[in-house]
Amino acid sequence: MYDIKALYEAKSTANAVELLLQHPEAVIIAGGSDVLIKIRDGKLAGKELVSIYGLDELRGVELDGEENIRIGSLTSFSHIHKDPLIKKHIAVLGEAVNMVGGPQIRAIGTIGGNTCNGVTSADSASTLFAWDAIIEITGPDGIRCVPIEEFYLGPGKVDLRPGEIQTHIIIPKASWSGYKGSYIKYGMRNAMEIATTGCSVNVKLTRDKQTLKDVRIAYGVAGPIPLRAKSTEEKVRGRAVNRETADLIGELVLGDVNPRDSWRAAKDFRLHLCQTMAVRAFEEAVARAGGEISG
Amino acid sequence: MADEIRQFKQVTCTINGVRRTTMVDVRASLTDMLRNDYRLTSVKKGCEVGECGACTVLIDGEAFDSCIYLAVWADGKDIITLEGLEGPNGELSDIQQAFIDETAIQCGFCSPGFILTAKEILDSGKLYTDDELRKLLSGHLCRCTGYDNIFRAVKKTMLRRLNKPVPEEFFKAE
Chain A
352 MYDIKALYEA
362 KSTANAVELL
372 LQHPEAVIIA
382 GGSDVLIKIR
392 DGKLAGKELV
402 SIYGLDELRG
412 VELDGEENIR
422 IGSLTSFSHI
432 HKDPLIKKHI
442 AVLGEAVNMV
452 GGPQIRAIGT
462 IGGNTCNGVT
472 SADSASTLFA
482 WDAIIEITGP
492 DGIRCVPIEE
502 FYLGPGKVDL
512 RPGEIQTHII
522 IPKASWSGYK
532 GSYIKYGMRN
542 AMEIATTGCS
552 VNVKLTRDKQ
562 TLKDVRIAYG
572 VAGPIPLRAK
582 STEEKVRGRA
592 VNRETADLIG
602 ELVLGDVNPR
612 DSWRAAKDFR
622 LHLCQTMAVR
632 AFEEAVARAG
642 GEISG
Chain B
18 MADEIRQFKQ
28 VTCTINGVRR
38 TTMVDVRASL
48 TDMLRNDYRL
58 TSVKKGCEVG
68 ECGACTVLID
78 GEAFDSCIYL
88 AVWADGKDII
98 TLEGLEGPNG
108 ELSDIQQAFI
118 DETAIQCGFC
128 SPGFILTAKE
138 ILDSGKLYTD
148 DELRKLLSGH
158 LCRCTGYDNI
168 FRAVKKTMLR
178 RLNKPVPEEF
188 FKAE
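Protein chains in written order, with the numbering used here: chain A, 352 to 646; chain B, 18 to 191.
Put into structure tokens, the structure is as follows:
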């Protein structure tokens with residue numbers, strides 16, 4: 352038995368909004384792999400819950416008319432990993448979510464829950480940052496969309512107002528078309544692990560594969576919330592695809608990240624990880640995009 | 018809290034091939050419902066926070082930790098527990114027999130969960146590499162066997178089901 356004050360099961364997205372307005376103190380439960388653990392822990396004990404787990408309308412991955420990739424917020428990690436559209440267009444996201452917890456956690460954990468928790472270590476978050484994902488939120492005033500970077504307000508805090516739930520995560524076509532990505536998770540063991548640091552890089556190369564048309568570098572656990580290495584991206588955009596550029600990325604990212612000491616790892620170690628992972632993820636992304644870095 | 022009103026919900030689901038209905042307390046986990054309402058005690062209470070895998074059951078063919086799955090969510094679902102693997106005359110399934118043959122069991126607490134995850138792996142009909150199999154089995158803790166025998170039991174059954182040659186060292190234990 353869980354210490355739950357009351358459970359309200361939403362029958363539809365609109366009903367979820369109504370329930371949240373009726374019960375302003377209620378906590379939203381999607382897959383529950385964080386919420387139920389926090390109830391056991393005592394942190395969320397005795398709360399009212401609004402369950403959205405039954406909303407199948409928020410499951411699945413599809414391309415809309417403009418070829419934007421729309422991921423229902425309740426899609427489980429294992430379903431994202433197996434999804435043919437994800438594999439075809441943004442394979443790195445499927446790979447990243449396949450590193451969450453263990454198989455059973457990936458069966459219950461949802462990508463919406465992973466982002467709504469607002470934690471920096473979420474395996475999906477850095478990759479969604481790298482893809483410039485848009486968060487679709489449904490609330491009493493209808494639907495609004497915010498870039499994922501603005502969705503994260505602080506540790507454990509996201510831009511969800513009273514009565515709102517996250518309904519989709521959208522990767523616009525302009526963000527994925529022509530890009531290839533790579534995600535590296537550093538942890539102390541291979542399964543059931545929270546990232547010490549995670550780094551997701553995607554690149555777009557010119558037709559001759561010699562020049563870096565665009566690059567996006569994102570981190571988890573390199574700051575209080577997931578972040579992008581924006582100044583590094585600006586400085587290396589347009590540079591030649593070679594060893595020098597790869598090493599330059601490794602140096603520059605240190606100016607963009609802000610990791611801290613925690614019981615999982617020391618700040619110095621995380622800085623080393625940020626540098627090394629950026630270089631390696633960049634090299635892999637370039638290779639996947641058909642480019643070559645010698646040396 | 019005696020003055021609180023307890024909240025119940027009727028849950029109908031298929032358990033091991035039989036349609037069942039019961040009233041559950043909304044605070045119950047699926048582990049609670051399967052053990053207390055249906056006496057399916059192969060579903061073990063281990064960590065109760067989704068770490069150890071001892072409570073694993075199949076829901077619509079996928080392995081889930083039933084301890085972190087609300088019982089009310091099971092409404093309309095198809096659930097398999099270890100009891101569902103038993104043949105009509107009490108026979109063991111191939112994967113259970115392989116666990117015995119490979120000494121993949123000692124205290125037995127993790128076995129039901131491991132075997133259900135193995136069932137999902139085997140029912141996929143895919144041939145997995147050793148690394149893939151290890152990753153697929155990584156959501157379970159076993160404190161007795163050191164995992165190697167469990168891995169061998171699953172691999173051997175996978176190879177047999179796919180009519181692939183089983184390496185000779187797999188037969189030493191039989």
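All residues carry an ideal CB built from backbone N, CA and C; glycine is no exception.
- Following the DSSP letters along the chain, one finds A:A525 in no beta strand (DSSP E) but inside the alpha helix (DSSP H) bounded by residues 524-527.
- Relative to the Cα of B:K173, the nearest Cα in the group B:F187, B:T39, B:D140 belongs to B:F187.
- Excluding sequence positions up to five before and after B:L47, its CB lies within less than 6 Å of the CB of S83, Y86, A88, A91, all in the same chain and listed in chain order.
- According to DSSP, residue pairing for A:T489 in a beta bridge involves A:I494, A:I516.
- The beta carbon of B:A135 does not come within 8 Å of any beta carbon belonging to chain A, so the residue lies off that interface.
- In the three-state reduction of the DSSP assignment, A:G423 falls in the strand class, which pools E and B.
- B:P129 is the residue among B:A121, B:D77, B:R36, B:P129 whose C-alpha sits nearest the C-alpha of B:E100.
- Exposed is the label assigned to B:P105, since fewer than 16 other Cβ atoms lie within 10 Å of its Cβ.
- For A:D612, the closest alpha carbon among the candidates A:G606, A:L605, A:F620 is that of A:F620.
- B:T38 and B:A80 have their C-alpha atoms some 22 Å from each other.
- Here B:S141 is exposed, its C-beta having fewer than 16 other C-beta atoms within 10 Å.
- Pairing B:M50 with A:I644, the inter-Cα distance amounts to about 57 Å.
- B:Q27 sits in a strand when the DSSP states are folded into three classes.
- The DSSP-derived three-state label of B:K61 is coil.
- For the region 535-568 of chain A, the beta-carbon criterion of a distance under 8 Å to any beta-carbon of chain B is satisfied by N541, A542, M543.
- Per the DSSP secondary-structure output, A:G505 pairs in a beta bridge with A:K508.
- Look at the beta carbons and you see the region 620-630 of chain A touching the region 594-606 of chain A: at least three pairs across the two are nearer than 8 Å.
- For A:E399, the three-state secondary structure derived from DSSP is strand.
- Where B:D82 is concerned, the enclosing beta strand (DSSP E) starts and stops at 79-82.
- Chain-order list of chain A residues neighbouring B:F81: Q455, A458, I459, by C-beta distance under 8 Å.
- Between A:V448 and A:S424, the gap from beta carbon to beta carbon reaches 8 Å or more.
- Against chain A, the CB of B:K152 has a partner CB under 8 Å away; the residue lies at that interface.
- In the displayed model, A:G589 falls within coil according to three-state DSSP, outside both helix and strand.
- 8 Å or more divides the Cβ of A:V412 from the Cβ of A:L387.
- Its Cα nearest to that of A:I422, the residue A:A484 stands out among A:V451, A:M450, A:A484, A:L370.
- A:K531: not part of any alpha helix (DSSP H); member of the beta strand (DSSP E) spanning 531-537, first to last residue.
- Chain-order list of chain A residues neighbouring B:E149: empty, with the shortest C-beta distance near 11 Å, by a criterion of under 7 Å.
- Neighbours of B:I96 across chain A, judged by C-beta separation under 8 Å, do not exist; the nearest C-beta is about 13 Å away.
- A:N553 has A:G532, A:R567 as its beta-bridge partners, per DSSP.
- Measuring C-alpha to C-alpha distances from B:N180 to each of B:V28, B:V41, B:L144 identifies B:L144 as the nearest.
- Cβ-Cβ distances below 6 Å link A:K555 to G529, Y530, K564, D565 in the same chain, with the five nearest sequence neighbours on each side left out; the list follows chain order.
- Judged by pairs of C-beta atoms under 8 Å, the region 113-123 of chain B touches the region 153-166 of chain B, as three or more such pairs exist.
- Neighbours of A:A361 in chain B, taken as residues whose beta carbon is under 7 Å from its own, are absent, since the nearest beta carbon is some 12 Å off.
- Identification of residues in the region 52-63 of chain B having a C-beta nearer than 8 Å to some C-beta of chain A yields an empty set.
- Note that the region 489-504 of chain A touches the region 364-375 of chain A; at least 3 beta-carbon pairs, one per stretch, sit closer than 8 Å.
- In the DSSP assignment, A:I437 falls outside any beta strand (DSSP E) and lies within the alpha helix (DSSP H) extending over 435-440.
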